[in-house]
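As structure tokens, the structure follows; a few thoughts come after it.
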Amino acid sequence: MGPRGELPAWVDLGLIPLLNLTVALLVAGLVVVIIGENPLEAMWIMLNGAVGSLKGWGYLLYYATNFVFTGLAVAVAFHAGLFNIGGEGQAYMAGVGAAAVGLGLEFLPWPIVIPLAILASMAVGAFWAWIPGILQAKRGSHIVITTIMFNFIAASLVGYLINYWFRPVGKMAVESREITGAYIMSFREVAREFFGVRVASSPLNFSVFLAIIAAFAVWYLLWRTKLGYEIRAFGANPSAAVYAGIKPDRIIIITMAISGALAGLMAVNEILGVQHRLVLGFVGGAGFVGIAVALMGRSHPVGIVLAALLFGLLYQGGSELSFAKPGINRDMIVVIQGLVILFMGALEYAFRPALAMLFFKAED
Numbered sequence: 003m004g005p006r007g008e009l010p011a012w013v014d015l016g017l018i019p020l021l022n023l024t025v026a027l028l029v030a031g032l033v034v035v036i037i038g039e040n041p042l043e044a045m046w047i048m049l050n051g052a053v054g055s056l057k058g059w060g061y062l063l064y065y066a067t068n069f070v071f072t073g074l075a076v077a078v079a080f081h082a083g084l085f086n087i088g089g090e091g092q093a094y095m096a097g098v099g100a101a102a103v104g105l106g107l108e109f110l111p112w113p114i115v116i117p118l119a120i121l122a123s124m125a126v127g128a129f130w131a132w133i134p135g136i137l138q139a140k141r142g143s144h145i146v147i148t149t150i151m152f153n154f155i156a157a158s159l160v161g162y163l164i165n166y167w168f169r170p171v172g173k174m175a176v177e178s179r180e181i182t183g184a185y186i187m188s189f190r191e192v193a194r195e196f197f198g199v200r201v202a203s204s205p206l207n208f209s210v211f212l213a214i215i216a217a218f219a220v221w222y223l224l225w226r227t228k229l230g231y232e233i234r235a236f237g238a239n240p241s242a243a244v245y246a247g248i249k250p251d252r253i254i255i256i257t258m259a260i261s262g263a264l265a266g267l268m269a270v271n272e273i274l275g276v277q278h279r280l281v282l283g284f285v286g287g288a289g290f291v292g293i294a295v296a297l298m299g300r301s302h303p304v305g306i307v308l309a310a311l312l313f314g315l316l317y318q319g320g321s322e323l324s325f326a327k328p329g330i331n332r333d334m335i336v337v338i339q340g341l342v343i344l345f346m347g348a349l350e351y352a353f354r355p356a357l358a359m360l361f362f363k364a365e366d
């Protein structure tokens with residue numbers, strides 16, 4: 003037991019999230035009952051669809067990879083007291099960077115092109131977040147407003163670029179031509195091309211390892227470096243940080259650039275790992291899901307990875323459930339996901355006072 007008023011870490015970081023998740027699933031089960039389906043059967047279909055096969059695991063990890071990148075992007079900004087709601091736009095623009103390098107340098111071998119395309123994704127994502135950071139630091143513009151607006155700008159700009167720059171002449175689909183070296187990112191393609199092995203069809207690719215590296219890098223940055231300490235100190239108490247000699251403008255700009263670079267990695271998973279071309283709408287809301295993932299993961303890389311896996315399970319299991327139970331359509335799956343976000347995010351501490359009272363009574 004910690005000091006009076008503080009719950010043990012295993013309660014605060016383990017029991018409370020588990021309790022919130024349980025309540026969320028119970029309420030979701032009640033919704034399933036109301037529409038006339040068996041909640042236990044629905045839950046089994048979701049779990050079996052997500053973790054009952056190699057294909058299910060492939061899709062779960064593919065979704066989770068996207069959410070790890072966007073969740074880390076939001077979390078880094080959170081630690082500096084910034085609310086980067088622009089992960090969607092930063093990932094969109096990063097896709098342009100990846101496609102530009104992948105298509106423009108396709109005459110080079112893939113061991114050169116793919117790393118350069120990954121770096122381009124990070125650089126363009128960082129640039130797209132750096133601009134709101136500059137506006138906040140130098141002009142006092144609110145980071146939430148500017149990043150929201152930059153989402154709309156990015157979506158429109160990417161649509162224009164695909165239509166008038168990337169789309170081959172005579173092709174009706176709103177997409178670029180194929181990035182020839184990107185096949186090397188796919189587990190399925192590598193297994194078939196180099197080892198003659200057929201694996202389960204799924205979009206899982208080598209970006210999943212990049213997500214693990216990114217999570218470790220964020221942990222190391224925030225808790226093992228001087229810059230990370232400055233970011234956390236500024237987020238905890240800006241006035242005290244300034245008094246200690248930390249420059250707020252520098253922290254805001256650097257943090258937003260790092261956040262944008264992490265969001266940009268999501269384009270690596272989609273553009274290089276799955277689509278192998280620049281397509282319209284490839285982000286698919288992952289930038290906004292990253293906000294919920296960061297909240298549920300308490301802005302810690304380990305928590306973010308676990309929260310991303312949970313959302314990956316909900317996405318993949320929800321897709322299987324909508325196929326198996328026509329009465330539970332995609333909209334109902336979104337309701338279930340929303341309930342999880344509500345209880346794990348907005349109502350994160352709803353049960354904390356009651357638990358604190360129980361533990362402190364036991365202590366007395």
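Letter by letter, the sequence shown follows residues 3 to 366 of my numbering. Idealized CB from N, CA, C, for every residue including glycine. As the structure is a computational prediction, the values presented were derived from the model and not from experiment.
Inset, instruction - Kindly indicate which residue of 361, 261 and 230 has the alpha-carbon position closest to the one of residue 145. - result: 261
Inset, instruction - In the DSSP assignment, find the unbroken alpha helix (DSSP H) run with residue 50 in it and report its ends. - result: From DSSP, the alpha helix (DSSP H) with residue 50 extends over 41-53.
Legend entry - C-alpha gap between residue 225 and residue 19, whole angstroms: 23 angstroms
Inset, instruction - Check whether the Cβ atoms of residue 61 and residue 188 lie closer than 7 angstroms to each other. - result: no
Inset, instruction - Have a look at the DSSP bridge pairing and note the partners of residue 207. - result: 188
Inset, instruction - On a CA-only basis, which of 160, 11, 178 and 141 is nearest residue 279? Give me that one, please. - result: 178
Legend entry - residue 130, buried or exposed, once every other Cβ within 10 Å from all chains shown has been counted against 16: buried
Legend entry - For residue 210, the nearest candidate out of 303, 67, 123 and 319 (CA to CA): 67
Inset, instruction - Apply the 10 Å Cβ neighbour rule to residue 245 and answer buried if 16 or more other Cβ atoms are within range, or exposed otherwise. - result: exposed
Inset, instruction - Return the first residue and the last residue of the alpha helix (DSSP H) that residue 296 is part of. - result: Where residue 296 is concerned, the enclosing alpha helix (DSSP H) stretches over 288-298.
Legend entry - Contiguous alpha helix (DSSP H) assignments of at least 4 residues, all confined to the segment 236-296: 240-245 and 250-269
Inset, instruction - Indicate the three-state DSSP secondary structure (helix, strand or coil) for residue 180 in the structure shown. - result: coil
Inset, instruction - Give the straight-line distance between the Cα atoms of residue 26 and residue 294, rounded to the nearest whole angstrom. - result: The alpha-carbon atoms of residue 26 and residue 294 are separated by roughly 14 angstroms.
Inset, instruction - Excluding the 5 residues preceding and the 5 following residue 329 in the sequence, name in chain order all residues of the same chain whose CB lies nearer than 7 angstroms to its CB. - result: 37, 38 and 39
Inset, instruction - Taking residue 154 as the reference, give the member of 94, 35 and 168 with the closest Cα. - result: 94
Inset, instruction - Within the same chain, show all residues whose beta-carbon is closer than 8 angstroms to that of residue 240, passing over the 5 residues directly before and after it, in chain order. - result: 83 and 250
Legend entry - Given residue 97 as reference, the closest of 49, 277, 297 and 354 once Cα atoms are compared: 277
Inset, instruction - Give the secondary structure of residue 173 by DSSP, where H, G and I count as helix, E and B as strand, and everything else as coil. - result: coil
Legend entry - Spatial neighbours of residue 4 in its chain, beta-carbon cut-off 7 angstroms, leaving aside the 5 residues before and after: The predicted position of residue 4 is uncertain, since its pLDDT is 48 and thus under 50; a value taken from the coordinates is nonetheless stated next. Excluding sequence neighbours, residue 4 sits near 10.
Legend entry - Status (buried if at least 16 other CB within 10 Å, exposed otherwise) for residue 69: buried
Legend entry - Beta-carbon proximity check, residue 71 vs residue 264, cutoff 7 angstroms: yes
Legend entry - Residue environment, residue 257, which counts as buried when at least 16 other CB atoms sit within 10 Å: buried
Inset, instruction - Taking residue 344 as the reference, give the member of 34, 29, 12 and 282 with the closest Cα. - result: Considering only alpha carbons, the answer is 29.
Legend entry - Residue of 197, 148 and 123 minimising C-alpha distance to residue 133: 148
Inset, instruction - Tell me, to the nearest whole angstrom, how far the beta carbon of residue 282 is from that of residue 126; I am working on the premise that it is less than 8 angstroms. - result: So it is not a contact: roughly 17 angstroms between Cβ atoms.
Inset, instruction - Would you identify the three-state DSSP class for residue 202, choosing helix, strand or coil? - result: coil
Legend entry - First and last residue of the uninterrupted alpha helix (DSSP H) at residue 112: 112-141
Legend entry - Cut-off 7 angstroms between Cβ atoms - residues of its own chain near residue 292, not counting five sequence neighbours on either side: Within the same chain, residue 292 has close Cβ partners 69, 72, 73, 75, 76 and 89.
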